[in-house]
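Remarks on the structure that follows.
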Amino acid sequence: MAKATNVYPVLDNKFKAGAAKESATVIADMEQFSLSISNGVETWTPMDTEGWQRALMTAKAITISMSGKRNIGDAGNDFVAGKVFKNGHDAEGYFEWELPDGTTIVWTNAVFDVKNMGGGDSTNVAPLEFDVISNGKPTVTPAL
């Protein structure tokens, strides 16, 4: 993908999933995503700072919530939906997020937490809704 500049549409984000990098493909028919970053910050107020607090960020966690349509036969969509009844390490897999500027963020063992893969009104197209939860530090490759 070419490096984006200026403002951009959300659709320029790309998401891939699979058992490993070599088998990862784009997850078809995803319509939206949201990002939640949790930061662990420890604070303390030593006497030598005259009452002013000090702080140090000591932890991070990322959850990417995605929703779209269940597309049977698409490798990425099938991979994610296949995690619905898995536990432990079986619920993990490769996840790659490519930002519009070309930066990639990768977890080789992200946790796939499937929330819905078919529920809704009888006239709806079946959904696929899931969270991708960071599992350790990601590999971040800045855009060139």
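Each residue of the sequence shown is one higher than the one before, starting from 36 at the first, in this note's numbering.
Glycine included, each C-beta is placed from N, C-alpha and C at the ideal position.
None of these values were measured; they are calculated from a predicted model.
Backbone CA spacing between residue i and residue j [nearest angstrom]
{"i": "E66", "j": "W87", "result": "45 angstroms"}
{"i": "A110", "j": "T40", "result": "31 angstroms"}
{"i": "P173", "j": "V146", "result": "12 angstroms"}
{"i": "M36", "j": "V42", "result": "Summary for M36: the model assigns pLDDT 47, below 50, so the residue's position carries little reliability; its value from the coordinates is reported in the next sentence. Going from the Cα of M36 to the Cα of V42 covers about 16 angstroms."}
{"i": "V167", "j": "M152", "result": "15 angstroms"}
{"i": "K188", "j": "W132", "result": "Look at the range of the chain in this structure, 36 to 179, and you will see that residue 188 is not part of it."}
{"i": "P162", "j": "L70", "result": "19 angstroms"}
{"i": "M82", "j": "S169", "result": "37 angstroms"}
{"i": "M101", "j": "T84", "result": "44 angstroms"}
{"i": "D125", "j": "V45", "result": "30 angstroms"}
{"i": "T138", "j": "T80", "result": "37 angstroms"}
{"i": "S157", "j": "I99", "result": "28 angstroms"}
{"i": "G123", "j": "E57", "result": "22 angstroms"}
Chain-order list of residues whose beta-carbon lies under 8 angstroms from that of residue i (same chain, five-residue window excluded)
{"i": "V61", "result": "K49, F50, K51, G111"}
{"i": "T93", "result": "G75, V76, E77"}
{"i": "G155", "result": "A161, P162"}
{"i": "F68", "result": "V45, N48, F50, I99, S100, M101, S102"}
Proximal residues to residue i (C-beta, below 7 angstroms), its chain only, five neighbours per side dropped
{"i": "V149", "result": "V115, A116, K118, V119, F165"}
{"i": "N106", "result": "A63, D64, N112"}
{"i": "T143", "result": "Y129"}
{"i": "N159", "result": "none"}
Close-in-space but distant-in-sequence residues of the same chain around residue i (CB under 6 angstroms, 5 per side omitted)
{"i": "A90", "result": "V76, T78"}
{"i": "I72", "result": "I97"}
{"i": "I140", "result": "W132, P173, V175"}
- Query: Three or more beta-carbon pairs under 8 angstroms between the segment 99 to 113 and the segment 44 to 53, yes or no?
  - Reply: Cβ pair count under 8 angstroms is three or more, so yes.
- Task: Entirely within the segment 59 to 138 and at least 4 residues each: give me those alpha helix (DSSP H) ranges in chain order.
- Result: The segment 59 to 138 contains these whole alpha helix (DSSP H) runs: 110 to 116.
- Message: Extract the residue ranges of the beta strand (DSSP E) inside the segment 145 to 178, only unbroken runs of 3 or more that lie entirely within it.
- Response: If we require 3 residues or more, the beta strand (DSSP E) runs fully inside the segment 145 to 178 come out as 162 to 168, 174 to 176.
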